[in-house]
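Input: a single structure, listed below in structure tokens.
Number of protein chains: 2
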Amino acid sequence: MPVVPILVEVLRGSLVESAHRASVVVSDAEGRVRLGLGDTARAVFPRSAVKIVQALPLVESGAADAYGFGAQELALAAASHNGEDWHVATAAAMLARAHRSEADLECGAHWPARQEDCGRLHVAGLKPGALHNNCSGKHAGFVCYACHAGIDPKGYTAVDHPVQQAAKAALEDVFGTVLGVESCGIDGCSIPTWAIPLDRLATGMARLATGQGLAPGRAAAARRIMEASIAEPFMVAGTKRFCTDFMTALGGVAYAKTGAEGVFCAAIPSLGLGIAVKCDDGASRAAEVVVATVIAALLGRSDAPELERFLRPVLTNWNRMTVGGLRPSAELVEAAATLAP
Amino acid sequence: MPVVPILVEVLRGSLVESAHRASVVVSDAEGRVRLGLGDTARAVFPRSAVKIVQALPLVESGAADAYGFGAQELALAAASHNGEDWHVATAAAMLARAHRSEADLECGAHWPARQEDCGRLHVAGLKPGALHNNCSGKHAGFVCYACHAGIDPKGYTAVDHPVQQAAKAALEDVFGTVLGVESCGIDGCSIPTWAIPLDRLATGMARLATGQGLAPGRAAAARRIMEASIAEPFMVAGTKRFCTDFMTALGGVAYAKTGAEGVFCAAIPSLGLGIAVKCDDGASRAAEVVVATVIAALLGRSDAPELERFLRPVLTNWNRMTVGGLRPSAELVEAAATLAP
């Protein structure tokens, strides 16, 4: 097993307080690797970073059109959102189009990410529901796909339900791999998550961004969801979230989606490249710095002031004093420099 | 620099999803190392794991007695608490004894750890204050020490203020090291945090637990705060927190205190041993498993059912399905086996 290098350092004052080891692959749609650091063949659970693929049946089946879903709904179907009011309302509206409701969601409930949004629930004497779950858009998409396809959505989170079988088939096709039972785990929202080699994740992201290697209908659906996510970044995550703010700062030239346990999948359609990141220890803060460093380098924007807060995030304390920050390691900086256009 | 080994694995289904590298030292009060894994000489910011030392001047000066502080107040002075009602009320009462109030705290404010407690603030139309800060007990202790010693507490978080100079002198004495400006960072609550070699942290914890190598007054003060923390574990952290629940499950035979960025300091007074842990990537979840594994082994309780949830914590999802768990790595299990009594 290759030694996975330190790609991100966390400083406090002038000392490195913590460090993160991560693997990263940049690939085109034919699997030509532009950059590979760490354990590039390691099978990783992509978690929420492949929601774009899990949402393909919703579009390919015609359900999205039948229910009149626009860019906001498609972005939400591939989102890990904060549970802010507009996310919740949009997921509810998606379900209503299929004459379904929150009661049909099987993702479980958790409090919204932001205390402001929790506060409104508390003041109203309410608990969070399944619509507040960060995956509610994806689950609304599953329910809508089932209803349009004439499938009973009940039990749609189970691995042998037609909805999950369709999602699995899409993953196998896009990432060019067979997903056996030994690679199956259960995600936070109760659907299966399938371990996929990191390099195949990167290649698949390039395929989604270019349509290369995909059937025409699938290529069109992928392009539509990716463009929707880039056009509506608030729906993909929300206020003060990396995916939302980074895609916004890039001005629409890249797609980036987080997954739990330090995973990131991203793509730059204009370059025909896909990117996949796995932080060994599962830290999102490090995966974010890696994906930002690689994308900034590929775009020739490593010194762009508007990207500085993603490349070298500052750490502040409860009194808003600057106490440290994150930075790409020398090894990552050196490797990224080879990507310059 | 020694290679730091993987000591904790995170499983999803049957696959290792993430892994944590950590260093750990078990030492007696004279610096004889019973166990050393990883980079045992590395200087680490101990953060909140040495609050017991920072609270020594409060007791040594006579302030704690003058203000009538019992075990709960002393435990809170060395706590990283949840900001639950009783934590907040106790910190406020400590300040009131010195005719001071929340306005004198310089730690900054943040929301309580538990949504239940946030909810009560929201319903009352309130924002959290400095008393809700997880460090408010420590800061109340600083203010009380200053007032009793005739020092103006204003500015007590600054590195050159007499309060921080007293805390620094206690750290240097207990851990047997000189803390130069190059080892100074700023903590989340704005006081200085000083980088200290991991092996010295372990030796110092053994000194605190035994009194060996400390002046009599300091030894008595250390024993008093450690015994208070063991006797009042709720005050050290709070509901569903590792420090509270682990010390409770151990039935009073060990002291354990978390610090941010994957640090843990602990001690077993009856064995005269101190323990220090630093997870490379800063993950508390891994530091907890390491400290639990080492303490259980030292006590001959590695198979104790009541400790299972600390040694091999189960991961559940939003529907409360078991999806995976944490476990000590084979290397850690093997090393811990050598510690059996």
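Which chain is which? The protein sequence lines are A and B, in order.
Following the working numbering, the numbering of the first sequence begins with 9 at its first residue and continues without gaps.
Following the working numbering, the numbering of the second sequence begins with 9 at its first residue and continues without gaps.
C-beta atoms are modelled at their ideal positions from N, C-alpha and C, and glycine is treated no differently.
CB contact flag (residue i, residue j, <8 Å)
i             : j             : result
residue 106/A : residue 152/A : yes
residue 64/A  : residue 226/A : yes
residue 3/B   : residue 299/B : In the structure as shown, chain B starts at 9 and stops at 349, and residue 3/B therefore has no counterpart that could be examined.
residue 50/B  : residue 286/B : yes
residue 184/A : residue 211/A : yes
residue 14/B  : residue 310/B : no
residue 82/A  : residue 233/A : yes
residue 259/B : residue 295/B : no
residue 35/B  : residue 12/B  : no
residue 254/A : residue 57/A  : no
residue 365/B : residue 297/B : Outside the modelled stretch of chain B, which goes from 9 to 349, sits residue 365/B, for which no answer is possible.
residue 343/B : residue 221/B : no
residue 247/A : residue 122/A : yes
residue 263/A : residue 217/A : yes
Cutoff 6 Å; reference residue i; Cβ partners in own chain excluding five residues on either side
i             : result
residue 59/B  : 86, 146
residue 72/B  : 66
residue 3/B   : Because chain B here runs from 9 to 349, residue 3/B falls outside it and cannot be looked at.
residue 126/B : 119, 120
residue 149/A : 63, 66, 85
residue 205/A : 49, 51
residue 288/B : 12, 29
residue 39/B  : 211
residue 27/A  : 14, 17
residue 349/B : 308
Other residues of its chain near residue i: CB distance less than 8 Å, five sequence neighbours each side excluded
i             : result
residue 312/B : 304
residue 201/B : 53, 54, 55, 192, 193, 194, 195
residue 278/A : 261
residue 25/A  : 18, 19, 332
residue 339/B : 13, 14, 15, 45
residue 78/B  : 236
For residue j and residue i, believed in contact at Cβ under 8 Å, the rounded distance
i             : j             : result
residue 110/A : residue 103/A : 7 Å
residue 231/A : residue 219/A : 6 Å
residue 69/A  : residue 156/A : 6 Å
residue 281/A : residue 301/A : In fact, because the Cβ distance is near 14 Å, the residues do not count as touching under 8 Å.
residue 250/A : residue 266/A : 7 Å
residue 307/A : residue 341/A : With 8 Å as the limit, residue 307/A and residue 341/A do not qualify as a contact, their Cβ atoms being about 16 Å apart.
residue 90/A  : residue 198/B : Actually they do not touch by this definition, with Cβ atoms about 28 Å apart.
residue 4/A   : residue 284/A : Any answer about residue 4/A is impossible in this case: the structure gives chain A only from 9 up to 349.
residue 100/A : residue 139/A : 6 Å
residue 96/A  : residue 130/B : With a Cβ gap of about 17 Å, residue 96/A and residue 130/B do not count as contacting.
residue 182/B : residue 322/B : That belief does not hold up - the Cβ atoms of residue 182/B and residue 322/B are roughly 37 Å apart, past 8 Å.
Same chain only: Cβ atoms within 7 Å of residue i, ignoring 5 sequence neighbours per side
i             : result
residue 170/A : 159
residue 315/A : 257, 300, 304, 309
residue 112/A : 103, 151, 161
residue 80/A  : 98, 240, 243
residue 187/B : 176, 179, 180, 202
residue 174/A : 65
residue 268/A : 55, 56, 196
residue 163/A : 169
According to a CB-to-CB cut-off of less than 7 Å, which residues of the segment 104 to 137 of chain B neighbour chain A? 115, 116, 117, 118, 119, 123, 126, 127, 130, 131
- prompt: Listed in chain order, which residues of the segment 282 to 310 of chain A have Cβ atoms closer than 7 Å to some Cβ of chain B?
  reply: 288, 289, 290, 291
Report task. Compile a chain-ordered list of the residues in the segment 170 to 202 of chain A whose CB is closer than 9 Å to at least one CB of chain B. Result -> 190, 191, 192, 193, 194, 195, 196, 197, 198, 201
Cβ-based contacts, 8 Å cut-off: residues of the segment 18 to 44 of chain B near chain A:
18, 20, 21, 22, 23, 25, 26, 27, 28, 29
Fill in: Unbroken stretches of the alpha helix (DSSP H), 4 residues or longer, contained in the segment 244 to 313 of chain A
250 to 257, 292 to 306
Discussion item. Residues of the segment 42 to 69 of chain A in Cβ contact with chain B at a cutoff of 8 Å, in chain order, please.
Written reply: 51, 52, 53
* Asked: Taking the runs of the beta strand (DSSP E) that are 3 residues or longer, which of them lie wholly in the segment 25 to 76 of chain A?
  -> 41 to 45
| query | Of all the residues that make up the segment 252 to 273 of chain A, which are near chain B by a beta-carbon distance shorter than 8 Å? | reply | 269, 270
Taking any Cβ of chain A, which residues in the segment 309 to 326 of chain B have a Cβ under 7 Å from it, in chain order? 325, 326
| Residues of the segment 328 to 339 of chain A whose Cβ lies closer than 9 Å to any Cβ of chain B, in chain order | 328, 329, 330, 331, 332
(message) Going residue by residue through the segment 164 to 230 of chain B, where are the continuous alpha helix (DSSP H) segments of at least 4 residues, counting only ones entirely within it?
(response) 170 to 183, 206 to 218
Name the residues in the segment 73 to 97 of chain A whose C-beta lies less than 9 Å from a C-beta of chain B; which are they? none
* Asked: Which runs of the beta strand (DSSP E), 3 residues or longer, sit entirely within the segment 108 to 142 of chain A?
  -> none
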